Amino acid sequence: MKFDVLTIFPQSFNSYLSESILKRAQEKNLIEVEVHDIRDFSKDKHRKVDDVPFGGGAGMVMTPQPLHDAITHLKKTNKGPVVFFTPQGKTLSQSKAETFSKKYDQMILVCGRYEGIDQRIRDSLVDIEISIGNFVLTGGELPAMILIDSVSRLIAGVLGKEESHIEDSFSKSLDRKKEYPHYTRPSEFKGMKVPDVLLSGHHKEIEKWRRNKLK
Ligand code: 4FM
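Heads up: the sequence shown begins at 0 in numbering that gives the first Met the number 0, then just goes up one per residue.
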């Protein structure tokens, strides 16, 4: 999967993409994330990307020119959907992440800032509006990162043996809200004991206990 990301804070993606599973997925060429600075596309001599809202009101609006030029440029090589992150979008879910992972091998992720982006960009260039939940953030960067994370881990080979979701406690119950309790060493911690059955080595009994905990 190739992700092209548009943002005015390109550095904000570095730390998360440089660790652990997503780092390895990039090294193995299972995903590619290219982060582009919207300011690079501004024709303004001061690289401005915002302006006051027509009709008045508080805050600034992302002006259409840089976004139009950036998205149009990316669409030449990235044939995937243009996704804009907003609380008004369709809520991201596990099933949406699965659909994106299966259906697309390229995506363009647009991260807004300020009060919003010019509506004409949404009307003419955005294919899908996605929300990660019913709350207001300062920009689309965290939502984009969350989409990248949730979609990437579903791509074959991204999760190693240790992290694989094929046999994990979620997929066993087919309901990601249900999960059996996890314990690791030590078997007693601050007076709290691990359930005996998990130490027993009786695999059938352990499976039964876990299945019971999913309900
Ligand atoms: C979005 C700020 C666009 C400025 C935001 C612009 C959000 C969410 C969110 C803030 N996005 N799910 N919740 N975005 O709050 O996706 Cl221009």
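Virtual Cβ for every residue (Gly too), placed ideally from N, Cα, C. Source: prediction; values computed, not measured.
Proximity test, residue i beta-carbon vs the ligand 4FM heavy atom, cut-off 7 Å
i    : result
V81  : no
M61  : yes
I217 : Because the chain spans 0 through 214 in this model, residue 217 falls outside it and cannot be assessed.
F84  : yes
S94  : no
V51  : no
F134 : yes
S41  : no
I120 : no
R226 : As displayed, the chain neither begins before 0 nor continues past 214, which places residue 226 out of reach and without an answer.
G115 : yes
T137 : yes
Supposed close pair residue i, residue j - CB separation, criterion 8 Å
i    : j    : result
L108 : L5   : 7 Å
E128 : K89  : 7 Å
P52  : E114 : 7 Å
G139 : F84  : 3 Å
P9   : V32  : At roughly 11 Å, the Cβ-Cβ gap does not stay under 8 Å, so P9 and V32 are not in contact.
Burial state of residue i, where buried means 16 or more other Cβ atoms lie within 10 Å
i    : result
A155 : exposed
P184 : It should be noted that the sequence gives Arg, not Pro, for residue 184. R184 should be labelled exposed.
K214 : exposed
V48  : buried
G106 : As written in the sequence, residue 106 is Met, which differs from the Gly given in the question. It is buried - the Cβ of M106 has at least 16 other Cβ atoms within 10 Å.
D117 : buried
F12  : buried
D3   : buried
V135 : exposed
F188 : exposed
A143 : buried
Delimiting residues of the alpha helix (DSSP H) encompassing residue i
i    : result
S19  : 19-26
V196 : 195-198
M106 : It is not in any alpha helix (DSSP H) - M106 instead sits in the beta strand (DSSP E) that spans 105-109.
V150 : 140-151
L213 : 202-213
K177 : Here K177 belongs to no alpha helix (DSSP H), and DSSP marks it neither H nor E.
First through last residue of the beta strand (DSSP E) which encompasses residue i
i    : result
Q215 : Here the chain has residues from 0 to 214 only, and residue 215 is not among them.
E33  : 31-36
S11  : Segment: none, S11 is in no beta strand (DSSP E) and carries neither H nor E.
S130 : 127-130
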